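Residue numbers for the sequence shown, in this note's numbering: 6 to 579.
We put the beta carbon where it would ideally sit given N, CA and C, even for glycine.
These figures come from a predicted structure and were not determined experimentally.
Here the structure is laid out as structure tokens; the discussion comes afterwards.
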Amino acid sequence: MKSALTLLVALMLAPLTSLHASTKPNVLFIAVDDLRPDLGCYGNTIIKTPNIDRIAARGIVFNKAYCQQAVCSPSRTAILTGLRPDVTKVWDLETHFRVAQPDCITLPQHFKANGYHCAALSKLYHAGFEDGRSWNKPHWYPKGRAVDTDPMDWTKQIVTRHDVNVEEYSAPQEGGPARKNGKGPKKGPAYEVSPKTDDQLPDGATAVEAVKRLAALKSKSEPFFLAVGFLKPHLPFIAPKKYWDLYDPNTIPVPTTDKLPAGSPEFAGHTNSELHAYPGVPKENPIPADFAKTLRHGYYACISYTDAQIGKVLDALDKEGLADNTIIVLWGDHGWQLGDHGLWHKHTNFETAARAPLLISVPRSKTAGQKCEAPVEFVDVYPTLADVCGLPIPNGLGGSSLKTFIENPAAPATDVAISQYPRGAPEGPVMGYSIRNERYRATFWRERNGSKIIATELYDEQADPTETISLADKPEHAALLETLGKHLPPVGSDLNPAAKPKGKGKSPTKPATTSTDEPRDVRYDRLYPGKAKLTLDEYLARQSNGDEAKERFTKFDKDKDGFLSREEFIKGGK
């Protein structure tokens with residue numbers, strides 16, 4: 006009788022067990038703009054990030070995770086395509102990855118093809134470079150619009166409007182002077198103690214939308230891939246007063262040095278132009294100590310503000326009963342310099358710019374709450390998610406699955422992490438490839454489309470974690486540099502197929518001429534391939550009459566945002 010009862014129970018449970026095993030896990034994919042690993046789960050005892058720490062407690066903290074290039078679009082393109090910048094040819098904020106890779110299958114596109122409902126809220130791809138093929142619904146933004154692209158022509162955007170439209174400044178400024186790069190003026194200062202509530206700011210509005218989406222997704226039959234982007238702590242540092250009040254600015258750490266590392270080339274740094282673009286920022290470098298203290302205070306306040314919004318999304322995941330079948334990935338698109346080496350924001354190959362948070366939580370993991378010290382890269386995220394969700398891993402991706410480290414965070418490192426950044430050196434254009442193993446960072450500045458190494462840096466991240474001195478000229482490290490140099494990509498990898506020819510005796514490339522009856526959409530795509538919008542300088546570069554072209558730019562720029570969109574170009578000539 007007992008054995009018969011046992012058999013009956015087993016038969017009754019079998020369908021449930023089978024159903025559970027065949028149910029694909031959901032994915033909650035959280036992107037945080039300009040977030041360096043100043044988080045409680047990364048050992049910062051001053052920062053208050055209880056909700057991000059909740060994700061860490063559920064999953065693995067990758068302590069040595071590195072972006073492919075420390076600037077928004079190249080980094081985001083790499084994690085969303087699984088391809089390195091030299092493959093996508095995205096090294097700037099002006100190029101869409103589909104110019105070089107028109108048939109690329111993105112991470113969400115792969116999930117979409119495998120039966121997932123995929124949706125994006127706020128910043129995932131760099132704004133202006135949306136990709137409709139990646140999502141089931143138009144890409145939602147808290148600025149009153151959603152963006153899709155024509156499935157047959159990714160250069161054509163389809164914009165729809167919705168009623169959630171929030172502004173970050175409490176009193177945005179209009180009509181200031183245009184910046185040197187042709188972009189419109191900033192609408193306010195570099196920081197603001199906001200009188201607004203959480204939900205009256207863009208990230209709060211995004212969290213509210215994410216909560217609504219999770220409630221709706223609960224009833225869908227297919228699994229979901231919900232990508233939620235948060236803007237802060239990106240400049241300007243704007244957060245409600247209660248988050249500023251969490252911190253005594255005198256307790257926030259100050260960098261140990263405001264100078265570039267001894268032995269590094271001058272071009273390894275930059276002039277803090279992103280920060281200086283905001284009104285009221287002192288013009289000198291390094292940034293004066295009192296102003297820098299306020300900026301760091303604002304950065305910390307913004308991290309805690311975003312952490313609170315993430316908490317609302319996590320609460321909704323729990324409330325809807327989705328947490329037990331949802332993989333959570335949280336990543337910052339790159340690190341951020343808070344005066345380290347005298348530098349602010351990103352745009353370098355230094356550790357503080359290339360290292361970023363990466364947390365992966367897989368339900369019912371036996372290793373939840375542990376840390377992995379192996380170097381990993383953002384291009385590893387795509388194959389990892391495919392692997393842990395039981396999807397095929399596409400061929401040709403730039404990274405490898407991290408499933409081994411999720412199952413055993415102490416597993417030995419199997420590879421290095423490679424970041425890169427283009428620069429102009431006295432000798433000409435160079436690409437800096439930065440190779441990071443478990444202890445050292447070596448940066449090789451190699452001429453573009455050439456084999457010559459212009460400069461080399463080497464840092465012992467264990468003995469000198471703030472990178473005060475390059476060891477590249479020490480004879481005892483020659484063998485180490487040779488070993489790390491073997492990871493350099495092949496010569497020519499950084500060749501830009503759209504680059505203009507250079508050399509003695511060659512005249513500058515002139516704008517192509519065309520008949521006046523050429524359709525303006527065809528003309529735009531021929532003159533500005535892959536560009537979703539143009540700065541004044543970019544527009545003038547392909548126009549033959551400078552003064553008249555400037556007048557046309559101003560005339561065509563209907564929304565007066567300092568950019569000329571493809572749509573404005575097309576309509577402007579009619």
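- prompt: To which residues of the same chain is F230 closer than 6 angstroms at the C-beta, ignoring the five residues directly before and after it?
  reply: V32, P113, F116, Y121, C123
message: I'd like the list of long-range same chain contacts for E179, defined as Cβ closer than 8 angstroms, with 5 residues on each side in sequence excluded.
response: K192
- request: With a 10 Å radius around its C-beta and 16 neighbouring C-beta atoms as the bar for buried, classify G344 as buried or exposed.
  value: buried
Cβ pair P1, P79 closer than 7 angstroms: The structure shown has nothing for residue 1, since the chain only spans 6 to 579.
- prompt: How long is the line joining the alpha carbons of P147 and K324, rounded to whole angstroms?
  reply: 24 angstroms
field: Cβ pair C77, D295 closer than 7 angstroms
entry: no
field: Inter-residue Cα distance where the pair is Y464 and S269
entry: 10 angstroms
- prompt: So what does DSSP say about I398, is it helix, strand or coil?
  reply: coil
Rounded Cβ spacing between E462 and A477 (contact assumed at less than 8 angstroms): 6 angstroms
- prompt: If we call anything under 7 angstroms between Cβ atoms a contact, is G137 one with T165?
  reply: no
field: Residues near S498 by beta carbon distance below 6 angstroms, same chain, minus five either side
entry: D91
- prompt: With burial defined as no fewer than 16 other Cβ atoms inside 10 Å of the residue's Cβ, what is the status of R369: buried or exposed?
  reply: exposed
- prompt: Buried or exposed: which applies to N68, given that a residue is buried once 16 or more other Cβ atoms fall within 10 Å of its Cβ?
  reply: buried
message: Is the beta carbon of N501 closer than 7 angstroms to that of Y426?
response: no
C-alpha distance - I333 paired with K560, whole-angstrom precision: 46 angstroms
- prompt: How would you call K515, buried or exposed, if buried means at least 16 neighbouring beta carbons within 10 angstroms?
  reply: In this predicted model, K515 has a pLDDT of only 31, less than 50, meaning its place in the structure is not dependable enough to derive any value.
message: For H492, which residues in the same chain have their Cβ closer than 7 angstroms to its Cβ, ignoring the five residues on either side in sequence?
response: V421, I423, I440
task: Whole angstroms is fine: what's the gap from Y283's alpha carbon to S175's?
output: 16 angstroms
- request: Quick one: grab the DSSP three-state call for Q178.
  value: coil
- request: Kindly indicate which three-state DSSP category A416 falls into: helix, strand or coil?
  value: coil
- prompt: Buried or exposed: where does M436 fall if 16 or more other Cβ atoms within 10 Å of its Cβ makes it buried?
  reply: buried
message: Could you check whether C72 and F449 sit closer than 7 angstroms to each other, using their CB atoms as the reference points?
response: no
field: Same chain only: Cβ atoms within 6 angstroms of T409, ignoring 5 sequence neighbours per side
entry: A416
- prompt: So what does Y426 bridge to, in DSSP terms?
  reply: G437
field: Contact check, Y196 vs F235, beta carbons under 7 angstroms
entry: no
- prompt: So the beta strand (DSSP E) V213 belongs to, where does it begin and stop?
  reply: No beta strand (DSSP E) holds V213; the alpha helix (DSSP H) holding it covers 207-222.
field: Helix, strand or coil at F355 [DSSP, three-state]
entry: coil
query: Which word fits F574, buried or exposed, when buried means at least 16 other C-beta atoms lie within 10 angstroms of its C-beta?
result: buried
Through-space distance from S405 to A447, alpha-carbon basis: 22 angstroms
message: Let me make sure I understand the geometry here. Which of A328, A244, L222, V216 has the alpha-carbon closest to that of P207?
response: A244
Cβ distance (whole Å) where D203 is taken to contact Q314 below 8 angstroms: 7 angstroms
message: Suppose the cutoff is 6 angstroms on Cβ atoms and the five residues either side in sequence are ignored; what does the same chain contact list for A391 look like?
response: I398
- prompt: Leaving out five residues before and five after S309 in sequence, what residues of the same chain have Cβ atoms less than 6 angstroms from its Cβ?
  reply: K53, Y248, L251
field: Pairwise C-alpha distance: G429 and V198
entry: 37 angstroms
- request: Label N277 either buried or exposed according to how many other C-beta atoms from any shown protein chain fall within 10 Å of its C-beta, with 16 as the threshold for buried.
  value: buried
Own chain, CB closer than 7 angstroms to L348, minus 5 neighbours either side, in chain order: G274, H275, N277, Q342
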